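Each remark here refers to the structure printed beneath this line.
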Amino acid sequence: MTLTFNTIFDMATMIQMMEEERRANNTVRSIVLMMGLLLVLQAIIAILSHASDIRKLRKENFYPYGGNVGETIAVGGEVAILFGASFLSSLLSKLLM
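The sequence shown runs 51 to 147 under this note's numbering.
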């Protein structure tokens, strides 16, 4: 089998296109991972700010959400948001791999 210039050029073009596609996939993957990390960070900040508000209100003898049960439900909901965000980011990264 003889390789002509066109065959070599076509092979080089195909390799270059595959490399560009791999770079694009890596870019999308990194963007999705960064979005997932930002979701997790946002959930952590929400939990910490809510906990500081609860401590502040507890010092003033004012219990939001109907006392300790409501407080536990509120913090539990924010923890669920945190786990949901981390699960979603890991799922998206697995799908893009």
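Beta carbons: idealized from backbone N, C-alpha and C, even for Gly.
Predicted model only: the values in this text are computed from it and were never measured.
Residues in the same chain with beta-carbon distance under 8 Å from residue i, minus the five sequence neighbours each way, listed in chain order, please.
i      : result
Gln-92 : Ala-135
Between residue i and the rest of its own chain, which residues show a CB-CB distance below 7 Å, the 5 nearest in sequence each way excluded?
i      : result
Val-90 : Leu-132, Ala-135, Ser-136 and Ser-139
Roughly how many angstroms separate the alpha carbons of residue i and residue j, rounded to a whole number?
i      : j       : result
Asp-60 : Leu-83  : 35 Å
Met-67 : Asn-75  : 12 Å
Ile-94 : Asn-56  : 57 Å
Glu-70 : Val-78  : 12 Å
Ala-62 : Ala-130 : 50 Å
Leu-88 : Arg-73  : 23 Å
Ser-99 : Leu-145 : 33 Å
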